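> My structure is below; once you've seen it, I'll send some questions.
Numbering (our numbering), first residue to last: 250 to 422.
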């Protein structure tokens, strides 16, 4: 049975983060998903994630298998939701999982779900109970992973470029 855990990305590991993100961009493109095809996320964003201490690696059997950001300060794009609403139980402080990407050679192993579950544990340890995530409407694989992990579809949010994204929410204790 593989051993998986998370650890924070270190400042000297930006190249490994970029490599995983670039691989994910190619996978998305191959699936016909118009997500991350315009330069986002770029090195500036990824470096900021690392500097702010919100970037995590998923480690499987002592090898880097994925990367994601756990934003715990909310975000303006989540202020407005269309075609639905956030739960009435919504809290002022919430976490967002961003830029979840599994390294090439590890896709299809169920690691995206394992990654989300580890991120939920970290979120709980931060005493945050409202968790949100979004993805492109055409990213059906990620929507499946999100829903499989107990997130409820709430509506549509828009990113900084005003592109629509399907938004999800989940509560943890």
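Virtual Cβ for every residue (Gly too), placed ideally from N, Cα, C. Note that this is a predicted model, so its numbers are computed, not measured.
When the Cα atoms are used, what is the spatial distance from residue 363 to residue 307?
Numbered from its first residue, the chain shown carries residue 363 at position 114. Numbered from its first residue, the chain shown carries residue 307 at position 58. Straight-line Cα distance between these residues: approximately 9 Å.
> Pairs of beta-carbons, one from the segment 281–288 and one from the segment 354–362, closer than 8 Å: are there three or more?
Touching, no.
> I'd like to check one pair, residue 367 with residue 222: are the Cβ atoms closer than 7 Å?
Because the chain in this structure spans residues 250 to 422, residue 222 falls outside the shown range and cannot be described.
> Have a look at the DSSP bridge pairing and note the partners of residue 347.
If you number the chain shown from 1, residue 347 lands on position 98. Under DSSP, residue 347 forms a beta bridge with 318.
> Which same chain residues, not among the five before or five after residue 318, have their C-beta less than 6 Å away from its C-beta?
Translated into positions along the chain shown, residue 318 becomes position 69. Same-chain partners within the cutoff: 298, 303, 304, 347 and 348.
> Could you check where the alpha helix (DSSP H) with residue 416 kicks off and where it finishes?
As a working note, residue 416 is residue 167 in the chain shown. That residue, residue 416, is in no alpha helix (DSSP H); its beta strand (DSSP E) goes 413–420.
> Could you round the C-beta distance between residue 313 and residue 265 to whole angstroms and report it? I think they count as a contact, below 8 Å.
The residue you call residue 313 lines up with position 64 of the chain shown. The residue you call residue 265 lines up with position 16 of the chain shown. Contact holds; Cβ gap of about 6 Å.
> Can you tell me where the alpha helix (DSSP H) holding residue 279 begins and where it ends?
The residue given as residue 279 occupies position 30 in the chain shown. Residue 279 -> alpha helix (DSSP H) spans 263–279.
> Expressed to the nearest angstrom, what Euclidean distance is found between the alpha-carbon atoms of residue 388 and residue 416?
Residue mapping note: residue 388 aligns to position 139 of the chain shown, counting from 1. Residue mapping note: residue 416 aligns to position 167 of the chain shown, counting from 1. Near 12 Å, if we compare the C-alpha coordinates of residue 416 and residue 388.
> Report all residues from its chain with a CB closer than 6 Å to the CB of residue 373; omit the five preceding and five following residues, and keep chain order.
Position 124 of the chain shown, counted from the first residue, corresponds to residue 373. Answer for residue 373: 421, listed in chain order.
> Give the straight-line distance between the Cα atoms of residue 418 and residue 398, rounded to the nearest whole angstrom.
Position 169 of the chain shown, counting from 1, holds the residue named residue 418. Position 149 of the chain shown, counting from 1, holds the residue named residue 398. Approximately 11 Å, taken between the alpha carbons.
> Sorted by chain position, which residues of the same chain lie with C-beta nearer than 7 Å to residue 369's C-beta, five sequence neighbours on each side aside?
Within the chain shown, numbered from 1, the residue matching residue 369 stands at position 120. Within the same chain, and ignoring the five residues on either side of residue 369 in sequence, the residues whose Cβ sits closer than 7 Å to its Cβ are 380 and 421.
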